[in-house]
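The sequence shown begins at 43 in our numbering and counts up by one.
Glycine residues also receive a C-beta, built at the ideal position from the N, C-alpha and C atoms.
Note that the structure is predicted; figures quoted are calculated from it, not measured.
In what follows, a single structure is set out as structure tokens and then discussed.
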Amino acid sequence: MKPDEIEWAICQLNYHNKHFEIKGSTVYRAIEIAIRCMREEKKRCQKSSQ
Numbered sequence: 043m044k045p046d047e048i049e050w051a052i053c054q055l056n057y058h059n060k061h062f063e064i065k066g067s068t069v070y071r072a073i074e075i076a077i078r079c080m081r082e083e084k085k086r087c088q089k090s091s092q
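Here it is as structure tokens:
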């Protein structure tokens, strides 16, 4: 994980935390999901810019 990915994931977690109670065991999973979403978003941006 790159630092910007971690930073982005934490922003996502903070956002989602307002909507659901994230229990300790699911925080890591939530970060995983957030990073996967971000990577897909980056791919989409690269495709559209080509």
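Open item on the list: Suppose you measure from the CA of Gln54 to the CA of Ser91; what does that come to, to the nearest Å?
Closed with: Rounded to whole angstroms, the separation of the alpha carbons of Ser91 and Gln54 is 24 Å.
Task: Alpha-carbon to alpha-carbon, Cys87 and Glu74 - done: Rounded to whole angstroms, Glu74 to Cys87 spans 20 Å at the Cα level.
TODO: Let me know the secondary structure DSSP gives Gln54 once reduced to three states.
DONE: Reduced to three states, the DSSP call for Gln54 is helix.
TODO: From the DSSP output, in three-state form, read off Gln85 for me.
DONE: Sequence inspection shows Lys at residue 85; the Gln mentioned does not correspond to that position. DSSP, reduced to helix, strand and coil, places Lys85 within a helical segment of the structure shown.
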